[in-house]
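J.:
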Amino acid sequence: MHSRRTQSSTMEMLELRGAIEKEDREVINAILAQLADGKDFREDHVDYYVEELKQKPKNIKINNFITPVIDVNKAVRSGSKPAVEEKIREAAHLILPGTFNDDIVGNYVDAICEAGKRKRKEEEEGKSEEKGVKDENGVETHEPTNFKSLQVVEYFHHSFRLGGCWVETEERTWSSTKKEPEMKDALNKDDFVASISTANARYEKAVADRKRKEEEEEAARKIQENYRRYLMKTMVPVRYCLVPLYPLAEIEKSKARVTNLVVANQRLDRDLTDLDEKIGLLVRNRINLQDVIADKNKIRDEEAARLSREGSLRRKDRQQAETLEQMFYHLQTEPAYLVNLLEARNSAEVEKVISTTIAPSFGFLTEKREEFLMARLLCEIVRRDLDEIIKPEDLFSSRRTPLIASLLTDCLFDSINNRVCDALGEEMKAFFTTESRENQAFNLDPIDVYVSMYGGVKPADAQTALEDEKVKEVLEESKSFLAEWSERFAAAILAKHQIPRSVKYVLLFTADELRRRFPAASLPDQQKAVAELAYEAWIRPSLLNTRHISTTTGKETTDEGMAKMIAVTKFMQYAVANRGYGNAKWYLSSLNRQIHIINQQFKNFVMESLDSVQYLGDLYDGLSEYTHYDPARRPVLALPGRTIVDVINSVKQNIAPMTVALSAKPFRTLVESLNASTADDERTMVLYLHPMSSSTSYEDEEKAAQARKEQQEFVNAKRFIVDLLLSGCVGSSMPELLEFRATPGVESTHDRLFNDQPKFENIAAKQAEISNLLDSLESSRRVDADDGYQHIVTDIANDIRLATARRKERTAQRKSLEESEGRLRKQRDELAERLNQYEVYLDTCLENLSKTTRRISILSTTEKAGKISKARTSADTRQSHKTTVEKLFRKGVLVDNKIAGAEQTRRAAKWSVEFSRSEKKGVFDVRVLDGKEPLGEYTVDFQDLLQAQYRSEKQYSVKNSLVFSINELIAHINKKFYGQ
């Protein structure tokens, strides 16, 4: 109370001073009366009061809010946030004692600093014509100024309604006349109050939004739980719909074809990758061609077999199928299970888990619902990271971000996500072309460059290294390369790439969670965390994906090219995080300009992409965790039997870490009841996914069976009733419909429309069956005859009402599947073309390596050509070659002889060594003899020699008896057996 009184009195004293200078007696009388509270104030003595006051105002000290506001401005200038926080606390408790909130003091600091920047920017813009405030590159430079070292006296200008005063910022004396220089870009009391009020308003809005969201989620959860509880009583397996059955069958087959294409393409892609690696080895060594051709033939045969099975649907056991349907439903809709599985595996096993378990469980993302549920799984990973961090910026270094990156860059998402490399086609081709054409060294460490140039001699420091002109040249060229390509890649991403829907969903979820969990965090910090997640989880992994790069550039990547790409993406990572080079790497500080530019552009790019979405559910047309499942239209999952077996085995083997929560016990029991052998088939199973009911916890199997039986009766009754109506039977009520006597025309229509259903002798037989079903349902209290079976009539009416909407959905679903199928067939054609190219290449190799077709490079009529031809023919037909240990040692082929008796060197030198072809091509038998006495028999596989050579090994040991030089032994065998 005292502080507010002091503040008010000081303000009135300042206003009194202004009134005295203007000789405004009316204001003087009013202020003096107010200051005296009506006591001891006499209006006829005003002239005396004024004369006294004119003599003493300069001795008045400023002890109110002006002092803390000046302190805040000085702290803002210093750039020290702790100092700003300290001064804000002092000022706020004095100026706004009732509204200061210690929980969001960080927000206050950010708000005040932002206000200071705006003030400075406004003044700089106003004077930009007089003074240059930008460097030659157009980048703003704000070098900190040490005001104390300049010893400049400044004056803080405070304005009020009757004038103003100028307060000296050090001694805090004041004057009513203008003093210069004024404190530049200073915040006044109004600026301070506005910044604090804005921060308070943002915080209150965040708290209100969080509370409202929690209330909405709780309400939705209760509605969903009650709705599901009702559905479990009334609609356990619903397979009935007024939409004609043939579109459903068509969708089943289309779904099966798409799934089979996905699986077949993935297998073929893996096989071709393996074949490509083997061909690479073949190119280097030009032998064992028959093994590569055998692999190629195997791939071709398997591809033909997979194509012949495409679309083959398997008749399934109902009970086993229902268990599978429930398992896959809960794997899709409860992401905790699969996230637990991912976290239980090491990084080397993650890719396998994704391809064999996660991708099939989500139907390889061939439909929008599956993509949405996969996005929820990614959000579950983010949620776990958010549970462990204490501030938004910690999300950048979270340990689970690589998991998100692995999922998003896996081929699982290839068909739906816009790959980053696709947007950078021209830049990628230019980058790898430049990289292969330019041979200059790329190194950003001058000490390392110096050591490489001068044979291991290490300089004292970076400064010493850079005194060498060659080192300096390498560093400058490397910096120029890094700056150029980082800007080019960033510009192409911002201009051409659209963040995919699934990635947007994760980023929006993250932004919402950051606002909810960290309401005290500033908006820039939250946006920075989201932008960093976008880069670390999506952009950077995509740029480093060799499969994406090879597809875009049309050629394989090189180690040197990928090393440079890693350096460029690492630099862009620093830029997105706004981390520049400081004193430790001063020689790279010139790159800070690019860092500043990329940081602002990328953050704006991400936030603008997200701002276009008003509500998270809009990305997937309203799908949410409460609306993705409709029991009347169960989602379809079509998978090959072998793929289902892989999922079952993976889940059963890891069920313990997947179901650590107590609430997961029913799911664990469900999985343990599965038998993988029943699904071990190449044909496709079509599953209609649905959750476990409350009675499907396997504690009361009899009750679950009864619920299924009742529901099936309800569905059959509805279907048969609609059959009667569509055939032409009439009646104003259910009893009248059941008593209707069918005419021959009605009977004929019925036979024509429903001849594919279980055959009834006539309509009367179907009416009798309906009556039996209604009696059974009435006994279980599902329907009531007294109200004319209103429940079943209402259900049929709802189906009719929704029929049009469901037809539209089926049409959209069919169109989506057709597009996916077309895209996958195009991908398959590309893979088949790759296989064809490999076949042509291998056939050419086979022809070129055939000694009978080898052409002589000189005229065949010459004597030299005849000798060469004869030597080659001899090599082709040679079955064995005999030499001695001494000759092998002399030629460097044999390095060591450890056979018993080898210590007698003279005798051992005369031992014979016989190489001979075995039945298997490329494998040689080696015999060591002392005269005619065999000392040892060994086998040398030429492929083993080549692989050892590829691993840069020098020696090859045979049964710890003979040690050969790998290079010399390869040359020896080539010369003696292949004429090379």
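Each residue of the sequence shown is one higher than the last, beginning at 1 in full-length UniProt numbering. Glycine included, C-beta positions come from ideal geometry on N, C-alpha and C.
(1) Where residue 528 and residue 582 are concerned, what is the direct C-alpha to C-alpha distance, given to the nearest angstrom?
(2) If you count every other CB in all the chains shown that lies within 10 Å of the CB of residue 615, and 16 or more means buried, which is it?
(3) Run through DSSP, which three-state label would residue 911 get?
(4) What's the C-alpha gap between residue 332 and residue 195?
(5) Going by Cα to Cα distance, which pick from 339, 659, 461 and 272 is closest to residue 836?
(6) Check this for me: beta carbons of residue 27 and residue 19, under 8 Å apart or not?
(7) Can the beta-carbon of residue 81 be found less than 8 Å from the beta-carbon of residue 71?
(8) Suppose the cutoff is 6 Å on Cβ atoms and the five residues either side in sequence are ignored; what does the same chain contact list for residue 541 look like?
(9) For residue 936, list the residues DSSP reports as bridge partners.
(10) Quick one: measure Cβ to Cβ for residue 687 and residue 637, integer angstroms, because I've assumed they're closer than 8 Å.
(11) Pull up the distance between the alpha-carbon of residue 524 and that of residue 84, whole angstroms please.
(12) Relative to the C-alpha of residue 538, which candidate in 427, 381 and 504 has its C-alpha closest?
(13) I'd like to confirm the pairing. Which residues does DSSP put opposite residue 174 in its beta bridges?
(14) CB-CB under 7 Å to residue 498, same chain, minus the five flanking residues each way: which ones, in chain order?
(15) Rounded to whole angstroms, what's the CA-CA distance from residue 106 to residue 610? Just pull it up for me.
(16) Got a sec, what are the start and stop residues for the alpha helix (DSSP H) residue 565 sits in?
(17) What are the residues that DSSP puts in a beta bridge with residue 328?
(18) Report yes or no: do the segment 820-833 and the segment 262-271 share at least 3 C-beta pairs separated by less than 8 Å?
(19) Taking DSSP's pairing of strands, which residues face residue 956 in a bridge?
(20) Assign residue 586 to buried or exposed, taking buried as 16 or more other Cβ atoms, counted over all protein chains shown, within 10 Å of its Cβ.
(21) Buried or exposed: residue 699, going by 16 or more other Cβ atoms within 10 Å of its Cβ?
(22) Taking a contact to mean a Cβ-Cβ separation below 8 Å, would you say residue 378 touches residue 341 in this structure?
(23) Going straight from the alpha carbon of residue 984 to that of residue 210, what length do you get?
(24) Out of 595, 584, 562 and 556, which has the shortest C-alpha to C-alpha gap to residue 574?
(25) Rounded to whole angstroms, how far is the Cβ of residue 460 from the Cβ of residue 450, which I believe are closer than 8 Å?
(26) How big is the Cα-Cα spacing for residue 603 and residue 351?
(27) Mapping DSSP to helix, strand and coil, what is residue 722?
(28) Go ahead and pull the three-state DSSP assignment for residue 737.
(29) Flag residue 622 as yes when its Cβ comes closer than 7 Å to any non-hydrogen atom of the ligand GDP, and as no otherwise.
(30) Can you tell me the Cα-Cα spacing of residue 670 and residue 329, whole angstroms?
(31) Let me make sure I understand the geometry here. Which of 584, 324 and 387 has the alpha-carbon closest to that of residue 648?
(32) Quick one: what does DSSP say residue 156 is sitting in, helix, strand or coil?
(33) Anyone know if the C-beta pair for residue 193 and residue 96 falls short of 8 Å?
(34) Would you mind sorting residue 569 into buried or exposed? The rule is 16 or more other CB atoms within 10 Å of its CB.
(35) With 16 other CB atoms within 10 Å as the buried threshold, where does residue 742 fall?
(36) Can you give me the C-alpha to C-alpha distance between residue 326 and residue 692, rounded to a whole angstrom?
T.: In short:
(1) Against the sequence shown, residue 528 aligns to sequence position 528. Against the sequence shown, residue 582 aligns to sequence position 582. If I take the Cα positions, the gap works out to 20 Å.
(2) Taking the first residue of the sequence shown as position 1, residue 615 is located at position 615. Exposed is the call here.
(3) Counting from one through the sequence shown, the residue named residue 911 turns up at place 911. DSSP places residue 911 in coil when its eight states are reduced to three.
(4) To locate residue 332, count along the sequence shown from 1; it is residue 332. To locate residue 195, count along the sequence shown from 1; it is residue 195. Approximately 46 Å, taken between the alpha carbons.
(5) On the sequence shown, residue 836 is found 836 positions in, with the first residue counted as 1. If we check each option's Cα against that of residue 836, 272 comes out closest.
(6) In the sequence shown, counting from the first residue as 1, residue 27 sits at position 27. In the sequence shown, counting from the first residue as 1, residue 19 sits at position 19. Contact flag set, yes.
(7) Against the sequence shown, residue 81 aligns to sequence position 81. Against the sequence shown, residue 71 aligns to sequence position 71. Not closer than 8 Å, so no.
(8) Translated into positions along the sequence shown, residue 541 becomes position 541. Within the same chain, residue 541 has close Cβ partners 405 and 409.
(9) Locating residue 936 in the sequence shown gives position 936, counting from the first residue. DSSP output for residue 936 lists 928 as bridge partner(s).
(10) Residue 687 sits at position 687 when you count from the first residue of the sequence shown. Residue 637 sits at position 637 when you count from the first residue of the sequence shown. Indeed they touch by this definition, with Cβ atoms about 5 Å apart.
(11) Indexing the sequence shown from 1 puts residue 524 at position 524. Indexing the sequence shown from 1 puts residue 84 at position 84. Spanning the two alpha carbons is a distance of roughly 18 Å.
(12) Residue mapping note: residue 538 aligns to position 538 of the sequence shown, counting from 1. Out of 427, 381 and 504, 504 has the C-alpha closest to the C-alpha of residue 538.
(13) If you number the sequence shown from 1, residue 174 lands on position 174. According to DSSP, residue 174 bridges with 167.
(14) Taking the first residue of the sequence shown as 1, we reach residue 498 at position 498. Closer than 7 Å at Cβ, skipping near neighbours: 418.
(15) As a position in the sequence shown, residue 106 is number 106, starting the count at 1. As a position in the sequence shown, residue 610 is number 610, starting the count at 1. Whole-angstrom Cα-Cα distance: 25 Å.
(16) One-based indexing of the sequence shown puts residue 565 at position 565. Residues 559-576.
(17) Reading the sequence shown from its first residue, position 328 is the one you call residue 328. None; residue 328 has no bridge partner.
(18) yes
(19) Working through the sequence shown from its first residue, we reach residue 956 at position 956. Answer by DSSP bridge pairing, in chain order: 964.
(20) In the sequence shown, residue 586 corresponds to position 586, counting from 1. Residue 586 comes out exposed.
(21) The residue given as residue 699 occupies position 699 in the sequence shown. Residue placement at residue 699 cannot be trusted, given a pLDDT of 45 that sits under 50; what the coordinates show is reported in the next sentence. It is exposed - the Cβ of residue 699 has fewer than 16 other Cβ atoms within 10 Å.
(22) Along the sequence shown, read from residue 1 onward, the residue named residue 378 stands at position 378. Along the sequence shown, read from residue 1 onward, the residue named residue 341 stands at position 341. Against a cut-off of 8 Å, the Cβ pair of residue 341 and residue 378 comes out as no contact.
(23) Here the chain has residues from 1 to 980 only, and residue 984 is not among them.
(24) As a first step, residue 574 is located in the sequence shown; it is residue number 574 there, counting from the start. Comparing Cα-Cα distances from residue 574 to each of 595, 584, 562 and 556, the minimum goes to 595.
(25) For the purposes of this step, residue 460 is identified with residue 460 of the sequence shown, where counting begins at 1. For the purposes of this step, residue 450 is identified with residue 450 of the sequence shown, where counting begins at 1. Actually they do not touch by this definition, with Cβ atoms about 10 Å apart.
(26) Translated into the one-based positions of the sequence shown, residue 603 becomes position 603. Translated into the one-based positions of the sequence shown, residue 351 becomes position 351. Those two C-alpha atoms are separated by around 30 Å.
(27) Stepping through the sequence shown from its first residue, residue 722 is reached at position 722. Residue 722 falls in the helix class under three-state DSSP.
(28) Along the sequence shown, one-based indexing puts residue 737 at 737. Reduced to three states, the DSSP call for residue 737 is helix.
(29) Looking at this structure, you won't find the ligand GDP or any other ligand, since it has none at all.
(30) For the purposes of this step, residue 670 is taken as the residue at position 670 of the sequence shown. For the purposes of this step, residue 329 is taken as the residue at position 329 of the sequence shown. Those two C-alpha atoms are separated by around 12 Å.
(31) Counting from one through the sequence shown, the residue named residue 648 turns up at place 648. Out of 584, 324 and 387, 324 has the C-alpha closest to the C-alpha of residue 648.
(32) Taking the sequence shown and counting its residues from 1, the one referred to as residue 156 is at position 156. The answer is strand: DSSP assigns residue 156 an E or B state.
(33) For this step, residue 193 is matched to residue 193 along the sequence shown. For this step, residue 96 is matched to residue 96 along the sequence shown. The answer is yes: Cβ separation under 8 Å.
(34) Position 569 of the sequence shown, counted from the start, is the residue given in the question as residue 569. Residue 569 is buried by the Cβ-count criterion.
(35) Along the sequence shown, one-based indexing puts residue 742 at 742. By the 10 Å Cβ count, residue 742 comes out buried.
(36) Taking the sequence shown and counting its residues from 1, the one referred to as residue 326 is at position 326. Taking the sequence shown and counting its residues from 1, the one referred to as residue 692 is at position 692. Their Cα atoms are separated by approximately 6 Å.
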